[in-house]
Each structure stands twice: as C-alpha cells, then as structure tokens.
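S.K.: In the UniProt record's numbering, the protein residues as written are 1 to 185.
Glycine included, each C-beta is placed from N, C-alpha and C at the ideal position.
Right, here's the structure in full:
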C-alpha cells in the first residue's frame, strides 16, 4: 500500500507550493528542515528524495486543519448533512468531519476515528484512483472540481465500504491546505 504521497516527486511539489503560498524562501525552508538550500531545491525538483524525518515534518506542515471560521463552517455543514458524506485531509486522509448518515456505517464511534487516517480501509479501487490523481491534475489550480468512480468494497468491520458510486471534491481551506469531501452517490 502506498504512503501518503503516492509518487516520489509529489513531496517536493507540495513543499514548493507550501513555500509559495506562505512566501517562504528556500533558505528559510532549509532552516526549518535543518538542511541546505540546495537540498530544498533538489527536493522540490524531484532530483533527491526527502528523508523520512523531513517527510514527516512536511506532512505536519501540509496537513489540513479546520482552524479558520470558514473551515469550521464547512465541517459543520458536513456534520449536519443528511447524506452519507465525510471530510478528510486531502493529503493525509485524516477524518476531519462526518455526517450522521456516514457515522452510522462505522462500527467505531466517530470520536475514535476523527483525526485518524482512513487510508488503511481503502479498497483496491480507491487506492488505484488515489494513485491516478496526479495524472488527472487533481492538485493543480485548474483541476476538475470533482471526480466520480466506483469504490469497490472492503471487508472491514470498523469502516466498511460497500461497492458504490463515489464523488471526491477537493476543497481548498483557508490556510492553503486542501480537504476532500467524500460523497456516496
């Protein structure tokens, strides 16, 4: 099963986007990661893989958080939806919010799943779709707003997934990170 970043070049691209969004120069990023500026450049260009410690630090920088009022309003809309939907971090797959209809499908209370990655419950079809996101331009500004596919099914008792049509909608959050709205159609 792939890690959070499906392709080797993706962490560098994500780091560059984070730097540009937050107006952080490579030299300052190098200080944050305790590496040289040239290492940051090589990571961003995909010439050099990011080491595991820096990778974890980058994930923490890029993980979606619902800190701003607008983001909290989005989470509230998800929690109040009558449809089976949930909101997760587009990068880490951590559960951020969940509707009662979706929560009713889980064997564990939502409180035990919030803030945890749902990746371990992914079906082969979901994994395949995740791995193809970069080819579709999912993380680009001009990306299609949503994609639809058939999920397949898993054998999980905790977060069961039945084969169904699904829609992923990427939603930019106030801090520049992205969430993913997951809907059963």
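1) Assign residue 97 to one of three DSSP states: helix, strand, or coil.
2) Let me check understanding here. Comparing Cα to Cα, which of 128, 60 and 27 lies closest to residue 115?
3) Within 10 angstroms of its Cβ, does residue 142 collect 16 or more other Cβ (buried), or is it exposed?
4) What does the Cβ neighbour count give for residue 129, buried or exposed, with the cut at 16 atoms within 10 Å?
5) What did DSSP end up calling residue 23 once you bin it into helix, strand or coil?
6) Is it buried or exposed, residue 47, if we count other Cβ atoms within 10 angstroms and call 16 or more buried?
7) Out of curiosity, what's the CA-to-CA distance linking residue 73 and residue 82?
8) Let me know the secondary structure DSSP gives residue 153 once reduced to three states.
9) I need the boundaries of the alpha helix (DSSP H) containing residue 205, first residue and last residue.
10) What span of residues does the beta strand (DSSP E) with residue 172 cover, start to end?
11) Out of 15, 135, 80 and 158, point me to the one whose CA is closest to residue 120's CA.
12) Return the first residue and the last residue of the beta strand (DSSP E) that residue 87 is part of.
13) Can you look up residue 117 in the DSSP assignment and give me helix, strand or coil?
14) Ordered along the chain, which non-local residues of its own chain (more than five positions away) have a Cβ less than 7 Å from that of residue 7?
M.R.: So, to answer that:
1) Indexing the chain shown from 1 puts residue 97 at position 97. Residue state, collapsed to three classes: strand.
2) Position 115 of the chain shown holds residue 115. Selected option, being the one with the closest Cα: 60.
3) Start at 1 with the first residue of the chain shown, and residue 142 comes out as number 142. Residue 142 comes out exposed.
4) Position 129 of the chain shown, counted from the start, is the residue given in the question as residue 129. The residue in question, residue 129, is buried, as its Cβ has 16 or more Cβ neighbours within 10 Å.
5) Residue numbering aside, residue 23 sits at position 23 when the chain shown is read from its first letter. Note: residue 23 maps to coil in three-state DSSP.
6) Translated into the one-based positions of the chain shown, residue 47 becomes position 47. Residue 47 is exposed by the Cβ-count criterion.
7) In the chain shown, counting from the first residue as 1, residue 73 sits at position 73. In the chain shown, counting from the first residue as 1, residue 82 sits at position 82. One C-alpha to the other measures close to 16 Å.
8) On the chain shown, position 153 is the one that residue 153 refers to. Reduced to three states, the DSSP call for residue 153 is coil.
9) Here the chain has residues from 1 to 185 only, and residue 205 is not among them.
10) Within the chain shown, the letter at position 172 stands for residue 172. Start and end: 165–172.
11) The residue given as residue 120 occupies position 120 in the chain shown. Closest by alpha carbon: 158.
12) Here residue 87 refers to the residue found at position 87 of the chain shown. It spans 85–89 - the beta strand (DSSP E) in which residue 87 sits, taken as one unbroken run.
13) Translated into positions along the chain shown, residue 117 becomes position 117. The DSSP-derived three-state label of residue 117 is strand.
14) Start at 1 with the first residue of the chain shown, and residue 7 comes out as number 7. For residue 7, the predicted structure reports a pLDDT of 40, less than 50, and the residue's modelled location is therefore unreliable. A value from the coordinates is still provided. Counting only Cβ-Cβ distances below 7 Å, and skipping sequence neighbours, we find 134.
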